[in-house]
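Here is the structure we will look at, set down as structure tokens.
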Amino acid sequence: EDQVTQSPEALRLQEGESSSLNCSYTVSGLRGLFWYRQDPGKGPEFLFTLYSAGEEKEKERLKATLTKKESFLHITAPKPEDSATYLCAVPKWTGTASKLTFGTGTRLQVTL
Amino acid sequence: DGGITQSPKYLFRKEGQNVTLSCEQNLNHDAMYWYRQDPGQGLRLIYYSQIVNDFQKGDIAEGYSVSREKKESFPLTVTSAQKNPTAFYLCASSIGTADTQYFGPGTRLTVL
Chain A
1406 EDQVTQSPEA LRLQEGESSS LNCSYTVSGL RGLFWYRQDP GKGPEFLFTL YSAGEEKEKE
1466 RLKATLTKKE SFLHITAPKP EDSATYLCAV PKWTGTASKL TFGTGTRLQV TL
Chain B
12 DGGITQSPKY LFRKEGQNVT LSCEQNLNHD AMYWYRQDPG QGLRLIYYSQ IVNDFQKGDI
72 AEGYSVSREK KESFPLTVTS AQKNPTAFYL CASSIGTADT QYFGPGTRLT VL
């Protein structure tokens, strides 16, 4: 069964304290990996798509990387406004459509 | 402004009642989706539609129904057959099912 596992479940950082979130997957025939940010009570906001191992993408304090088995979301010098739940999702082709499998997310809290 | 709207934001239902959640998009996307989000679980796919007048069951379709009569609209009905309907419901759309999905703000349904 296809699985997407995110770790840690929760992470508390002080402002400026860099860290990484992990997303590991067992989907065969990887066709990309998506990262989203979700604030409480709101819909997920798209951050990045990565398509092949070795690919990296950056946006402000966030950098996403991809290997054959996992992806990392690196947060450099985080600020309190980076506090959110970060979700990753992996698509799988069913033969007629591509469907996303989501991880349960990492809840990030950044304090002053 | 292009985007996805969902209404209502909050919905309360008595047991035994059917309710319909609205989802509208003006992004000219062909594909639309409904997900359910529960605490501690990843987003789970209820139904998806790749094109007008066509839709397919996702992983947890029992107790739900949808229609896709217009490209812009993909309403979800939560029927009385859904045993545990209290959840946060998210609508998404994409150009095609292999493309990035963009999410609406969500509807929180509570069964009293």
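Quick mapping for you: the protein sequence lines, in order, are chains A and B. Residues in the first sequence are numbered consecutively from 1406, following the numbering used here. Residues in the second sequence are numbered consecutively from 12, following the numbering used here. For each residue, glycine too, the CB sits at the ideal point set by N, CA and C. In this text the structure is predicted, and so the values were computed from the model without any measurement.
Residues of the region 1444-1456 of chain A with a CB closer than 8 Å to any CB of chain B: list them in chain order, please. Against chain B - using a Cβ distance shorter than 8 Å - the residues of the region 1444-1456 of chain A are 1446, 1447, 1448, 1449, 1450, 1451 and 1454.
Could one say the Cβ of residue 59 of chain B lies closer than 9 Å to chain A's Cβ atoms, at least one of them? Yes, residue 59 of chain B counts as interfacial toward chain A.
Could you tell me which chain B residues have their CB closer than 8 Å to the CB of residue 1508 of chain A, listed as they occur along the chain? Under the 8 Å cutoff, chain B gives 53.
#### Entry: Nearest to residue 1419 of chain A (by Cα), restricted to the options A/1497, A/1494 and A/1481
With distances taken between CA atoms, residue 1419 of chain A lies nearest to A/1481 out of A/1497, A/1494 and A/1481.
* Asked: Under a CB-based cut-off of 9 Å, is residue 111 of chain B close to chain A?
  -> For residue 111 of chain B, at least one C-beta of chain A is nearer than 9 Å to its own C-beta.
| field | Within-9 Å CB hit, residue 1409 of chain A to chain B | value | Put simply, the CB of residue 1409 of chain A is near chain B, with a gap under 9 Å to one of its CB atoms.
In whole angstroms, give me the CA-to-CA distance for residue 71 of chain B and residue 25 of chain B.
Residue 71 of chain B and residue 25 of chain B: Cα-Cα distance of roughly 21 Å.
Taking Cβ positions only, does residue 1441 of chain A come closer than 9 Å to chain B? For residue 1441 of chain A, the answer is yes, since a Cβ of chain B falls inside 9 Å of its Cβ.
Practice prompt. Determine the direct distance from the alpha carbon of residue 1516 of chain A to that of residue 47 of chain B, and round the result to whole angstroms.
Written response: One C-alpha to the other measures close to 30 Å.
Check whether the region 45-65 of chain B and the region 1481-1490 of chain A touch, using three or more Cβ-Cβ pairs below 8 Å as the test. These segments do not touch.
Practice prompt. Determine the DSSP secondary structure at residue 116 of chain B, reduced to helix, strand or coil.
Written response: Reduced to three states, the DSSP call for residue 116 of chain B is coil.
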